[in-house]
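Taken in sequence, the protein lines are chains S and L. Numbering follows this note's numbering, in which position 169 of the first sequence is assigned residue number 169; successive positions increment by one, without gaps. Take any residue in the second sequence, note its place counting from 1, add 477, and you have its number in this note's numbering. Every residue gets a Cβ at the ideal spot worked out from N, C-alpha and C, and that includes glycine. Everything below concerns the one structure shown next.
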Amino acid sequence: MNVHSTSPQFKQNAARALHDAQLQKALNNVKQGFIDKRKAAADKLPEFEALRDSARDIKNHTLEHLDLYLEAYESKVKASGGHVHFARNAEEAREIILEICREADAKTVTKGKSMISEEIGINHYLEANGIRPIETDLGEYIIQLRNELPSHIIAPAVHLNATQVEQDFRRVHTHLDAKRDLSEPVQLLTEARAVLRERFLAADVGITGANFLVAETGTSIIVTNEGNGDLTQILPKTHIVLASLEKLVPTLEDASQLLRVLARSATGQEMSVYTTFSTGPRRSGDADGPENYHVVLIDNGRSSMLGTSFEEMLRCIRCGACMNHCPVYHAVGGHAYGWVYPGPMGAVLTPSLIGVDQAGHLPNASTFCGRCESVCPVRIPLPKLMRHWREREFERHLTPASVRSGLSFWGFFAKRPALYRLATRAAMAGLAFAGRQRGRFTWLPFSKGWTKYRDFPAPQGETFQARWQRERKGKTA
Amino acid sequence: MSARDEIFANIRRSLGVKGNETIRKQIVQDRLERAPRGVIPTRGQVSGEERIALFKTMAEASLATVTEVSSAADVPQSIALFLRDHNLPATLRMGDDLRLKAMPWGETTLEISHGPSEGGDLNAVSHAFGGVAETGTLAMISGPENPSTLNFLPDNHIIVVSAKDIASDYESVWNRVRFAFGKGSMPRTVNWITGPSRSGDIEQTLLLGAHGPRRLHVVVVREQ
C-alpha cells in the first residue's frame with residue numbers, strides 16, 4: 001500500500017482550492033518567483049540547452065543499462081562498507097527501514113527531504129511502531145506539524161502563508177514564551193532552527209533521500225540549501241538513504257552534468273548551497289560521520305515502466321520546473337492532485353504508480369499548453385505522456401459516459417469530412433444568427449459546464465476550415 | 478525469489494535483455510572507465526588571475542564573503558580581523574589539518590580548539606580540498622583533518638582555499654579526487670559548498686541561516 005490518495009476526487013479538490021483565499025494568495029508566490037529566476041539562470045549560461053540534451057542522454061543511457069549499473073553500484077556500496085537493501089514495494093521498504101531503526105534502538109529519527117519517503121508513507125509507519133520521525137527541511141517540518149502532504153516537490157509548504165506558520169508554531173512550540181514576537185518570517189526561521197538543532201543532536205537514525213546514485217563509486221548525492229540533509233546524515237549513528245531505482249547515473253561526471261541543470265531549473269540558483277556526496281560509513285580515523293550506512297533501493301512500479309511509453313518519465317530529476325510553469329498548478333495548487341506528486345510530472349507519474357483508475361483525472365487536468373515540456377531539464381514530453389494516459393483511460397472505459405458519448409458523436413462526423421463541414425457550417429451559421437444581438441450566450445444546450453462560469457462568445461458565422469480555404473484561394477489566385 | 482532477484486528480473490524483462498550480453502557489459506564498463514566529461518561551460522575555462530577573479534565573483538554572488546591573503550602566514554590575522562569586524566567572539570574551532578596547524582595562530586588573540594563540533598561552536602575554520610571557479614563552489618573532504626560537522630554546525634564558517642587549488646570546473650576537482658583516493662574510490666563525504674545556508678520555504682522569501690552557517694567567509698591564499 002502506498003500512501004493514501006484523494007486523486008479520484010480531483011474535481012472536488014480543485015473546486016475547493018479555487019475558493020480557498022489563503023491558498024490563492026500563497027500560489028501567487030509560485031507564479032511570481034520561480035519562473036523569472038529559472039529564466040535568468042538559464043539565460044546566464046550559454047550551454048544550458050546543450051546541457052539539457054546531455055542530461056536527457058545520460059538518463060536514457062542509464063535506463064537502457066539499468067540492471068548493469070545497479071549491479072556496479074551495489075558492489076561499490078558494499079566495498080565501501082555500506083549495506084544495500086532491495087524493496088519491491090512500499091510495504092517492503094517500510095519493513096526494511098523499521099528493522100534498521102530497531103537494530104539501532106532508535107527513539108527518534110531525523111529526516112531530510114525525500115519524495116520517495118512520502119510515497120511509501122514512512123512517517124506514519126514509524127510512528128505507529130513507537131519511533132518518532134522528525135522532518136528537518138523547514139517546509140517539510142511545517143507540513144508535518146499540520147499533518148499534510150507536501151504541495152510541491154521542492155517547496156513543500158508553498159501553499160501556506162507566514163501567518164499560518166506562526167499559528168502552527170504557537171500551537172506546537174508550547175515550551176516557548178507565548179508573548180514572543182513571530183511577525184517576521186526570519187523569526188519563524190530562527191525558532192525552527194533552534195527547535196530542530198536539539199532534535200538533530202539527539203536523533204539515533206538519519207533518513208535522507210538521494211538526488212542521484214553514482215554507479216562508479218557507490219555514492220549517494222543529496223542537494224539542499226538549508227544544510228538539514230547534512231546534519232541528518234552526519235550526526236546520528238546510522239544513515240539510511242532511500243532511493244528509487246531511476247536515481248542511478250554512471251559516473252561523477254554524469255552527476256555533475258545533471259547538477260548543472262538541477263538547481264537552475266528548480267530555484268534559478270547557479271548551484272544549490274550544499275551538494276553532498278556520501279560513500280559508505282565513517283572511516284578509520286574519522287572524527288564524525290555515521291557508523292552505519294544503509295541504502296534502500298525501492299522499485300514500487302519503476303521496473304514495469306521501463307520499455308513502455310512511460311519510460312521517459314523515469315528521467316525526471318524532481319526539480320519542480322514543470323509545476324512552477326503550469327497554469328493548472330498555479331490555479332489549484334499541489335494538494336488538489338491528491339497524492340504525493342503534483343503538477344504535470346505528477347499527472348504522468350501518479351497513474352503509473354497508483355493506477356489510471358485512481359488517478360485518471362490528473363492527465364486530464366492540462367490545457368496542453370506545453371510550457372512544462374519547454375522547461376523540463378531532461379526534456380520529458382509531458383503533454384504527450386498525458387495524452388497517452390487519456391487514450392488508456394478511454395480504452396479501459398474509465399472515461400465518464402457523457403464524455404464517451406460526446407466523443408463518439410463528434411467522432412461520427414470527424415470520420416465523414418463532407419458531413420463534418422456541412423454540419424459545422426450549419427451550426428456556426430445558426431449560432432451566429434442566434435447570438436447576433438448580444439454577441440455572446442449565457443446559456444447553450446449541453447454546455448452548462450462552460451456557461452455556468454462564463455459566457456460563450458457567438459461565432460462570426462464562418463468555420464475555421466471555410467476561412468482557411470477562402471484565404472488560401474485568395475493567396476494562390 | 479528474493480526482492481533483489483525479482484527486481485532485476487523485472488528490469489531485464491522490461492528492457493528485453495538477459496543481463497549477460499557482452500556488448501552491453503562492454504558499453505557499461507567503458508563508460509565507467511572513461512567517465513566522459515560531457516558539456517563543460519566555457520565560463521570557467523579561464524586561468525591565472527582571471528580564474529581567481531571569477532571564483533571570487535561567483536562566490537560573492539552566492540552571498541559568501543571572500544578575502545585574499547598573500548601567504549598562509551597571513552591567514553590567522555585575516556580571520557581575527559573578520560571576526561572582530563562582525564563583532565564575533567575570538568574563538569575558533571578546527572580539525573587536525575596540517576596546513577591550518579602550521580599557521581601562526583599565536584600571533585592573534587584567538588582562542589583555538591580542535592576536533593569535530595558538537596553543536597556549541599560559534600566559529601570554525603576548515604581547509605578546502607579545492608574550489609570551482611564556474612560557480613564559486615568549495616569542495617570539502619571529510620576526515621580528522623577537516624571534520625564534516627565543522628561545515629554545518631557553527632554559525633560562522635570560514636574556509637581557507639589555496640589559489641592553486643581553484644579549478645575551472647567540477648570535473649577537474651574529480652580528477653584530483655581520483656588521483657588522491659584512486660579511481661572508483663571516494664572519501665566518506667565530499668561537500669560542495671556554494672554560499673551560506675538558506676531557506677525559501679516561508680512565502681518563497683530568501684532567508685539566510687536555516688540550519689547550517691549563517692555566514693560563509695572564504696580566505697584565498699595566493700602563495701604557499
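**Report entry** Straight-line Cα distance separating lysine 502 of chain L from leucine 182 of chain S
**Finding:** One-based indexing of the first sequence puts residue 182 of chain S at position 182. One-based indexing of the second sequence puts residue 502 of chain L at position 25. Here the alpha carbon of leucine 182 of chain S sits roughly 59 Å from the alpha carbon of lysine 502 of chain L.
Query - Residue nearest to asparagine 364 of chain S in terms of C-alpha spacing, selected from S:Ser117, S:Leu245, S:Thr399 - result: For the purposes of this step, residue 364 of chain S is taken as the residue at position 364 of the first sequence. The option with the nearest alpha carbon to asparagine 364 of chain S is S:Thr399.
Query raised in the report: Nearest to serine 447 of chain S by CA position, among S:Ser54, S:Asn13, S:Pro457, is which residue?
Result: Within the first sequence, numbered from 1, the residue matching residue 447 of chain S stands at position 447. Looking at the Cα atoms, S:Pro457 is the closest of the given residues.
**Report entry** Minimum C-alpha distance to glutamine 24 of chain S - residue among S:Val328, S:Thr308, S:Asp204
**Finding:** On the first sequence, position 24 is the one that residue 24 of chain S refers to. Checking every option, the nearest Cα to that of glutamine 24 of chain S belongs to S:Val328.
Query raised in the report: Mind pulling the chain L residues with CB within less than 7 Å of proline 250 of chain S?
Result: One-based indexing of the first sequence puts residue 250 of chain S at position 250. Result: Arg508, Leu509.
**Report entry** Three CB pairs or more closer than 8 Å across the stretch 644–663 of chain L and the stretch 200–208 of chain S
**Finding:** no
Query raised in the report: Since tyrosine 274 of chain S meets chain L, which of its residues come closer than 9 Å, beta carbon to beta carbon?
Result: Here residue 274 of chain S is taken as the residue at index 274 of the first sequence, counted from 1. Going along chain L in sequence order, the residues near tyrosine 274 of chain S (Cβ under 9 Å) are Asn628, Phe629, Asn668, Trp669, Ile670, Thr671, Ser674, Gly689.
Report task. Consult DSSP for alanine 579 of chain L and reduce its assignment to one of helix, strand or coil. Result -> For this step, residue 579 of chain L is matched to residue 102 along the second sequence. In this structure, alanine 579 of chain L counts as coil in the three-state DSSP scheme.
Requested in this report: Check whether the Cβ atoms of proline 290 of chain S and glutamine 358 of chain S sit closer than 8 Å, and answer yes or no.
Outcome: Locating residue 290 of chain S in the first sequence gives position 290, counting from the first residue. Locating residue 358 of chain S in the first sequence gives position 358, counting from the first residue. Contact: no.
Report task. Kindly say whether valine 697 of chain L, judged by its beta-carbon, lies nearer than 8 Å to any beta-carbon of chain S. Result -> As a first step, residue 697 of chain L must be located in the second sequence, where it is residue number 220. Contact of valine 697 of chain L with chain S is not assigned, every C-beta pair being separated by 8 Å or more.
Query raised in the report: Counting only beta-carbon atoms, is arginine 283 of chain S nearer than 8 Å to chain L?
Result: As a position in the first sequence, residue 283 of chain S is number 283, starting the count at 1. Chain L contact via Cβ: present.
Query raised in the report: Starting from leucine 297 of chain S and walking both ways along the beta strand (DSSP E), at which residues does that stretch end?
Result: Along the first sequence, read from residue 1 onward, the residue named residue 297 of chain S stands at position 297. From DSSP, the beta strand (DSSP E) with leucine 297 of chain S extends over 292–298.
Requested in this report: Measure the C-alpha to C-alpha separation of arginine 454 of chain S and glycine 439 of chain S and round it to an integer number of angstroms.
Outcome: As a first step, residue 454 of chain S is located in the first sequence; it is residue number 454 there, counting from the start. As a first step, residue 439 of chain S is located in the first sequence; it is residue number 439 there, counting from the start. Cα to Cα, the separation comes out at about 13 Å.
Query raised in the report: Does the stretch 29–43 of chain S come close enough to the stretch 250–269 of chain S to have 3 or more Cβ pairs within less than 8 Å?
Result: yes
Query raised in the report: Which of the residues in the stretch 222–243 of chain S, read from start to end, lie with their CB under 7 Å from any CB of chain L?
Result: Asn225, Glu226, Gly227, Asn228, Asp230, Leu231, Ile234
**Report entry** Start-end ranges of the alpha helix (DSSP H) lying completely within the stretch 264–324 of chain S, minimum 4 residues
**Finding:** 302–305, 321–324
Report task. Establish whether the CB of proline 457 of chain S and some CB of chain L are separated by less than 8 Å. Result -> Reading the first sequence from its first residue, position 457 is the one you call residue 457 of chain S. For proline 457 of chain S, the answer is no, since every Cβ of chain L falls outside 8 Å of its Cβ.
Requested in this report: Tell me where the beta strand (DSSP E) around glutamate 700 of chain L begins and ends.
Outcome: The sequence position of residue 700 of chain L within the second sequence is 223, counting from 1. Residues 692–700.
**Report entry** Simplified DSSP state of phenylalanine 446 of chain S, which is helix, strand or coil
**Finding:** Position 446 of the first sequence, counting from 1, holds the residue named residue 446 of chain S. The answer is coil: DSSP assigns phenylalanine 446 of chain S none of H, G, I, E or B.
Query raised in the report: Can the beta-carbon of valine 189 of chain S be found less than 8 Å from the beta-carbon of leucine 138 of chain S?
Result: Counting from 1 along the first sequence, the entry for residue 189 of chain S is found at position 189. Counting from 1 along the first sequence, the entry for residue 138 of chain S is found at position 138. The identity of residue 189 of chain S in the sequence shown is leucine, whereas the question assumes valine. Yes.
Query raised in the report: Does the distance from the CB of proline 690 of chain L to the CB of proline 631 of chain L come in under 8 Å?
Result: As a position in the second sequence, residue 690 of chain L is number 213, starting the count at 1. As a position in the second sequence, residue 631 of chain L is number 154, starting the count at 1. Yes.
**Report entry** Close Cβ partners of histidine 159 of chain S (< 6 Å) along its chain, the five nearest in sequence each way excluded
**Finding:** Working through the first sequence from its first residue, we reach residue 159 of chain S at position 159. Contacts found: Leu23, Ala26, Ser151, Gly333.
Query raised in the report: Which residue from S:Ala14, S:Asn2, S:Lys475, S:Leu66 puts its Cα closest to that of serine 491 of chain L?
Result: In the second sequence, the residue the question calls residue 491 of chain L occupies position 14. Out of S:Ala14, S:Asn2, S:Lys475, S:Leu66, S:Leu66 has the C-alpha closest to the C-alpha of serine 491 of chain L.
Query - Cross-chain neighbours of asparagine 29 of chain S in chain L, by beta carbon under 7 Å - result: As a position in the first sequence, residue 29 of chain S is number 29, starting the count at 1. Per Cβ cutoff of 7 Å: Glu680, Gln681.
Query raised in the report: Where does threonine 174 of chain S fall in DSSP's three states?
Result: Stepping through the first sequence from its first residue, residue 174 of chain S is reached at position 174. Three-state result, threonine 174 of chain S: coil.
Query raised in the report: What residues of chain S sit near glutamate 648 of chain L, judged by a beta carbon separation below 7 Å?
Result: By 1-based counting over the second sequence, the position of residue 648 of chain L is 171. What glutamate 648 of chain L touches in chain S: Glu253, Ser256.
**Report entry** Distance between beta carbons of valine 348 of chain S and leucine 314 of chain S, contact taken as under 8 Å
**Finding:** As a position in the first sequence, residue 314 of chain S is number 314, starting the count at 1. As a position in the first sequence, residue 348 of chain S is number 348, starting the count at 1. Incorrect: roughly 11 Å between the Cβ atoms, too far for contact.
Report task. For the stretch 13–20 of chain S and the stretch 316–324 of chain S, state whether three or more C-beta atom pairs, one from each stretch, are separated by less than 8 Å. Result -> no
**Report entry** Check whether valine 249 of chain S and threonine 62 of chain S have beta carbons under 8 Å apart
**Finding:** In the first sequence, counting from the first residue as 1, residue 249 of chain S sits at position 249. In the first sequence, counting from the first residue as 1, residue 62 of chain S sits at position 62. Cβ distance < 8 Å, so valine 249 of chain S and threonine 62 of chain S count as in contact.
Query - Below-8 Å beta-carbon distance, proline 518 of chain L vs any chain S residue - result: In the second sequence, counting from the first residue as 1, residue 518 of chain L sits at position 41. For proline 518 of chain L, the answer is yes, since a Cβ of chain S falls inside 8 Å of its Cβ.
Report task. Could you tell me how far apart the beta carbons of arginine 146 of chain S and isoleucine 122 of chain S are, in whole angstroms, since I believe they sit closer than 8 Å? Result -> Stepping through the first sequence from its first residue, residue 146 of chain S is reached at position 146. Stepping through the first sequence from its first residue, residue 122 of chain S is reached at position 122. Not confirmed; about 18 Å, so no contact.
Query raised in the report: Taking only beta-carbon atoms, is phenylalanine 277 of chain S less than 8 Å away from chain L?
Result: Residue 277 of chain S sits at position 277 when you count from the first residue of the first sequence. Yes, its Cβ sits closer than 8 Å to a Cβ of chain L.
Query raised in the report: When the cut-off is 8 Å and only beta carbons count, does tyrosine 329 of chain S lie next to chain L?
Result: On the first sequence, residue 329 of chain S is found 329 positions in, with the first residue counted as 1. Closer than 8 Å: no.
**Report entry** Same chain, Cβ closer than 6 Å to asparagine 668 of chain L, neighbours up to 5 away in sequence not counted
**Finding:** If you number the second sequence from 1, residue 668 of chain L lands on position 191. Hits under 6 Å: Met617, Asn628.
Query raised in the report: List, in order along the chain, the chain S residues whose C-beta lies closer than 8 Å to that of leucine 684 of chain L?
Result: In the second sequence, residue 684 of chain L corresponds to position 207, counting from 1. Listed by position along chain S, the residues whose Cβ is nearer than 8 Å to that of leucine 684 of chain L are Pro185, Val186, Leu189.
Query raised in the report: DSSP state of histidine 388 of chain S, grouped into three classes?
Result: Working through the first sequence from its first residue, we reach residue 388 of chain S at position 388. DSSP places histidine 388 of chain S in helix when its eight states are reduced to three.
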